[in-house]
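Enquirer: Quick one: the structure is below, and I'll ask about it shortly.
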Amino acid sequence: MAKSSLKKMALIVSQGTLDGAYPPFILASTAASMDMEVKMFFTFYGLGLLKKKIDAKVAPASNPAMPFKMPFGSKGFQNISWPVPNFLSANIPGFETTATSLMRKTFKNKGIAAIEELRDICLESNVTFIACTLTMDVFGFKENEFIDGIETGGAATFLDFAADADIQLFT
Amino acid sequence: MNESEIRMELDCRGLKCPMPVIKTRKAIKELNSGDVLKMISSDPGSINDIKAWAKRTGNKLLREDHQQSEFVFIIAKN
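Top line first, the protein sequences correspond to chains E and Z. Just add 41 to wherever you are in the first sequence, counting from 1, and you've got our numbering. Just add 42 to wherever you are in the second sequence, counting from 1, and you've got our numbering.
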């Protein structure tokens, strides 16, 4: 196999939450802008991030350290971290949806790009998305549910690239 | 280096990591070798990020000027 002089980064994306989606897409888009060749392997819950419409939520119940911020009101008010006991975040119906919309709004207010935007940047800059075939089978995903231009493959597909990559991360 | 040599200006104020780097990269791609880009960011993260990006991509950070909440970078395309 011909070796290119480009640095390479191989990412495994295993989380489908909104907060779990940011690190891999930020790293991938930035690496591409630093002239690196990037491949992202979407497996388990990460696979949902390849769907045409991303419906990633935050999961406060499984992240007790998550700070709660309000995206409106005065600056002082917005900076308050609301203490939300785990028994509330885990048991109130609709809490995840509320927490998700609050986080999306806070991110938007602070000038942070949406996940969809970062994903588009990755595609424009030739980051390769690989959907894990095993996960597609287990969760019943069809290729036509995903955005265009993705590849499919299994562990060997990822490892073949990762073996020659300068950076390999599990996210 | 005087201001008249600047070929393109890019305003990244209000944007957060990684957008200033990504937009800088996009802008640089439209320029010719040796052309100079002026980028303004309000994200303090840009100070180290633009340096790292320039080092990695071979583009040259000619000058930086940091005010309290505005960071200006003058970059020559590789």
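All C-beta atoms in this analysis are idealised placements derived from N, C-alpha and C, irrespective of residue type, glycine included.
1) Using the beta-carbon count (16 or more within 10 Å), is I70(Z) buried or exposed?
2) Here's the rule I'm using: 16 or more other beta-carbon atoms within 10 Å means buried, otherwise exposed. How should D91(Z) be labelled?
3) Short check: CB of I188(E) to CB of A172(E), under 8 Å?
4) Drop a sphere of 10 angstroms on the beta-carbon of M77(E), count the other beta-carbons inside from all chains shown, and report buried for 16 or more, exposed for fewer.
5) Against chain Z, with Cβ distances strictly below 8 Å, would D201(E) count as a contact?
6) Using the Cα positions of E48(Z) and G76(Z), report the straight-line distance between them to the nearest angstrom.
7) Give a yes or no on whether the C-beta atoms belonging to L143(E) and P105(E) are separated by under 8 Å.
8) Are the beta-carbon atoms of R67(Z) and S74(E) separated by less than 8 Å?
9) Closer than 8 Å by C-beta to C54(Z): which residues in its own chain qualify, once you throw out the five before and the five after it? Chain order, please.
10) Going by beta-carbon coordinates alone, are T147(E) and V99(E) separated by less than 8 Å?
11) Leaving out the 5 sequence neighbours to the left and right, which residues in its chain are closer than 7 Å to A72(E) when beta-carbon positions are compared?
12) On a CA-only basis, which of K48(E), D161(E), D60(E) is nearest K93(E)? Give me that one, please.
13) Is there a Cβ of chain E sitting closer than 8 Å to that of M81(Z), yes or no?
Expert: Reading off the structure:
1) For the purposes of this step, residue 70(Z) is taken as residue 28 along the second sequence, with counting starting at 1. Buried, by the Cβ-count rule.
2) Along the second sequence, one-based indexing puts residue 91(Z) at 49. Buried: at least 16 other Cβ atoms inside 10 Å.
3) Residue mapping note: residue 188(E) aligns to position 147 of the first sequence, counting from 1. Residue mapping note: residue 172(E) aligns to position 131 of the first sequence, counting from 1. Between I188(E) and A172(E), the C-beta gap is not smaller than 8 Å, which leaves the two residues out of contact.
4) As a position in the first sequence, residue 77(E) is number 36, starting the count at 1. M77(E) comes out buried.
5) As a position in the first sequence, residue 201(E) is number 160, starting the count at 1. Output row for D201(E): interface = no.
6) In the second sequence, counting from the first residue as 1, residue 48(Z) sits at position 6. In the second sequence, counting from the first residue as 1, residue 76(Z) sits at position 34. Before going on, a small fix: residue 48(Z) reads as Ile here, not Glu. Take the alpha-carbon of I48(Z) and the one of G76(Z): they are about 10 Å apart.
7) Here residue 143(E) refers to the residue found at position 102 when the first sequence is read from its first residue. Here residue 105(E) refers to the residue found at position 64 when the first sequence is read from its first residue. Contact flag unset, no.
8) As a first step, residue 67(Z) must be located in the second sequence, where it is residue number 25. As a first step, residue 74(E) must be located in the first sequence, where it is residue number 33. The criterion of a C-beta distance shorter than 8 Å is satisfied by R67(Z) and S74(E).
9) Counting from 1 along the second sequence, the entry for residue 54(Z) is found at position 12. Within the same chain, C54(Z) has close Cβ partners M61, P62, K65, T66, M81, I82, S83, S84, D85, S88.
10) Within the first sequence, the letter at position 106 stands for residue 147(E). Within the first sequence, the letter at position 58 stands for residue 99(E). Taking 8 Å as the Cβ cut-off, T147(E) and V99(E) do not qualify as a contacting pair.
11) What you label residue 72(E) is simply residue 31 of the first sequence in a count that begins at 1. Excluding sequence neighbours, A72(E) sits near M50, V79.
12) Counted from its first residue, the first sequence places residue 93(E) at position 52. Measuring from the Cα of K93(E), the nearest candidate turns out to be D161(E).
13) By one-based count along the second sequence, residue 81(Z) stands at place 39. Answer no: the Cβ-Cβ gap between M81(Z) and chain E never drops below 8 Å.
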